[in-house]
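Trainee: Protein chains in written order, with the working numbering: chain B, 26 to 293; chain A, 927 to 1228.
1. Could you compute how far the alpha carbon of residue 1117 of chain A sits from the alpha carbon of residue 1061 of chain A?
2. So, does the CB of residue 246 of chain B fall closer than 7 Å to a CB anywhere in chain A?
3. Between which residues of its own chain and residue 1030 of chain A is the CB-CB distance below 7 Å, once the five residues before and five after are set aside?
4. Would you list the one or two residues that DSSP bridges to residue 274 of chain B?
5. Could you work out which residue in A/966, A/986, A/1141 is closest to residue 958 of chain A when comparing CA atoms only?
6. From what residue to what residue does the beta strand (DSSP E) around residue 1094 of chain A run?
7. When DSSP builds the beta bridges, which residues end up paired with residue 1125 of chain A?
8. Here's the rule: buried if 16 or more other CB atoms are within 10 angstroms of the residue's CB, otherwise exposed. What is residue 214 of chain B?
9. Output yes or no for whether 7 Å exceeds the beta carbon distance between residue 94 of chain B and residue 30 of chain B.
10. Output yes if chain A places a C-beta closer than 7 Å to the C-beta of residue 136 of chain B; else output no.
11. Within its chain, find whatever has a CB closer than 6 Å to the CB of residue 940 of chain A; leave out the 5 residues flanking it on each side and keep chain order.
12. Taking residue 996 of chain A as the query, report the chain B residues whose CB atoms sit under 9 Å from its CB, ordered along the chain.
13. As a quick exercise: from B/41, B/274, B/201, B/159, pick the residue whose alpha carbon is nearest that of residue 238 of chain B.
14. Measure from the C-beta of residue 117 of chain B to each C-beta in chain A and report whether the shortest distance is under 7 Å.
15. Under the assumption that residue 245 of chain B contacts residue 173 of chain B (Cβ atoms under 8 Å), give the Cβ distance between them as a whole number of angstroms.
16. Taking 7 Å as the cut-off, decide whether the C-beta atoms of residue 1210 of chain A and residue 1131 of chain A are in contact.
17. Per DSSP, what kind of secondary structure is residue 282 of chain B in: helix, strand or coil?
18. Going by Cα to Cα distance, which pick from B/73, B/279, B/159 is closest to residue 188 of chain B?
19. Let me confirm a value: residue 43 of chain B is counted as buried when at least 16 other C-beta atoms fall within 10 Å, else exposed. Which label applies?
20. Could you tell me which chain B residues have their CB closer than 7 Å to the CB of residue 1077 of chain A, listed as they occur along the chain?
21. Look at the alpha carbon of residue 971 of chain A and the alpha carbon of residue 39 of chain B, and state the distance between them as a whole number of angstroms.
22. What residues match up with residue 1001 of chain A in a beta bridge as DSSP calls it?
23. In angstroms, rounded to a whole number, what distance separates the CA positions of residue 286 of chain B and residue 192 of chain B?
24. Figure out for me which residue from A/1137, A/1019, A/1187, A/976 has the closest Cα to the Cα of residue 1087 of chain A.
25. In chain order, what residues of the region 1043-1075 of chain A put their CB closer than 9 Å to some CB of chain B?
26. Cβ of residue 999 of chain A less than 7 Å from any chain B Cβ?
27. What residues from chain B crowd round residue 1024 of chain A, counting only those whose CB sits closer than 9 Å?
28. At a CB-CB cut-off below 8 Å, which residues of chain B make contact with residue 945 of chain A?
29. Whose C-beta lies closer than 7 Å to the C-beta of residue 127 of chain B among residues of the same chain, with five residues either side of it excluded?
30. Mind listing the chain B neighbours of residue 1041 of chain A? Cutoff is C-beta to C-beta under 7 Å, in chain order.
31. May I have a chain-ordered list of the alpha helix (DSSP H) segments no shorter than 4 residues that lie completely inside the region 117-187 of chain B?
32. Going by the beta-carbon positions, is the gap between residue 88 of chain B and residue 253 of chain B smaller than 7 Å?
33. Could you have a look at residue 1206 of chain A and say whether DSSP puts it in helix, strand or coil?
34. With a threshold of 16 other CB atoms inside 10 Å of the CB of residue 1197 of chain A, please say whether the residue is buried or exposed.
35. Would you call residue 1006 of chain A buried or exposed, if buried means 16 or more other Cβ atoms sit within 10 Å of its Cβ?
36. Quick one: using the 10 Å Cβ neighbour count with 16 as the cut-off for buried, is residue 1009 of chain A buried or exposed?
This is the structure we're talking about:
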């Protein structure tokens, strides 16, 4: 029997090929944050953020880079897997696979691998475009890059598991988009992706803190913004320990929901 | 004589290992009994056809054997395993031909078949399988660009790629044009010659006659007949019917010895019988009789 890992790795290639050849996925999951970065940076090119003692002024590219990175984590994980797996549950993909000797673990290795590869490329493009097209300033300390890396990948795991959990909601392949997209869009509005988080009313900030996206954005701001900007955050600190905690809690929560709702073979 | 030969063949088959054994299989939903007390076995290397009208319980039965459905009661063994607890090893020994390729749109035929080959311990060669289903020239085409019949052949290829001992086909040719059906039958005949055990459901009688060694007729969840395809319905239903015109009415007589009967008839009439017809009921007549008999509440004997 071929090993679970070897099959899982072959699934990554298979999933990536499918992803690249699915125009919807390529546009709404991969290109969308890149386009939004360009749109926002250009549209608000006059915008500047200044805080006494920050040492520098934030341009629109500086402001939107962490926001779009956070958006990328959400759409590459939750939106992508939420829609993709909801469709696979209803169009016969899972049924076909569960009739073959593949282990569900190999299937999930394929899904996570696809998310990790596409999200990593997306983040690289975001950073390169922000830096070289719009002059965004990148972090200079190794510490900051380490923070960027763990927030990004822990956030991606949480976001992916949330996507698997949310894929239980649509009742047909056709309704997948309609069911998954609205909550994700709302989450972006209340979590500081489109609108500056610090400009939202405090009750809404508190509400958004129940969800992972706000914490991912906060972690990214801590990396790309000068330290003095932490006073604009809820509680006046970056609270990276809480970022870590919140994301771990979401990973566990997503796992519980997945275990309860995901059925490899849907026996009736 | 023919009859005793068939009995002998069955006795010999009992000695062989059965690939599939189903005993008193019953599947109940809240207030609906989809399959009721169905029993049959399929010998290794045999092609067994489950015939029946739409909604009779064919798909439910085959899906229980495939491990896609649970059963309410009864015993099921496929290759000695209970499909309800299908292990990966079990999955590698059976092949399932799905009814639609709706999930396979974007990748090429070759990519998909090669990928699925990698899921099995002893797969067939991907190119050979593509050739067997007549898709070797389509290997680099995306599945969604193929015609419906060609897409279905991808399903067949994926059912075969793992080199299964048992192949399940659920209404494999529904919606096919006649030429594609003939081509598909040819693929199945080649597999039969390799000794593959095949279970297929269909509501096409010609398909059952073309492909089946043995078969069963299922109506309203009950197995109303089982046996060699050529003997389905039992000897009474298979009796030759002689009809002729005498004294202004059409007379009919069922007999096992039509030649002898016509000889007697001619002798009695002292002339050639008028409008003489000798009809041996085909599978279609027998099948329709079985359905009508079941629906009228008549118990049909095997």
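For glycine and all other residues, C-beta sits at the position ideal for the given N, C-alpha and C.
Small disclaimer: the values here were computed from a predicted structure and weren't measured.
Mentor: Working from what's here:
1. 17 Å
2. no
3. 1038, 1069, 1080
4. Its beta-bridge partners do not exist; DSSP assigns none.
5. A/986
6. 1092-1096
7. A/974, A/1094
8. exposed
9. no
10. no
11. Note that residue 940 of chain A has pLDDT 49, beneath the 50 cutoff, so the model's placement of it is unreliable and no number is given.
12. 292, 293
13. B/274
14. yes
15. 7 Å
16. yes
17. helix
18. B/279
19. buried
20. Ordered by position in chain B, no residue passes the 7 Å Cβ test against residue 1077 of chain A, which lies about 12 Å from the chain.
21. 34 Å
22. A/949
23. 9 Å
24. A/1019
25. 1044, 1045, 1046, 1047, 1068
26. no
27. 117, 120, 121, 124
28. Here the premise fails: no neighbours, minimum Cβ distance about 17 Å.
29. 32
30. 35, 39
31. 118-123, 129-157
32. no
33. coil
34. exposed
35. exposed
36. buried
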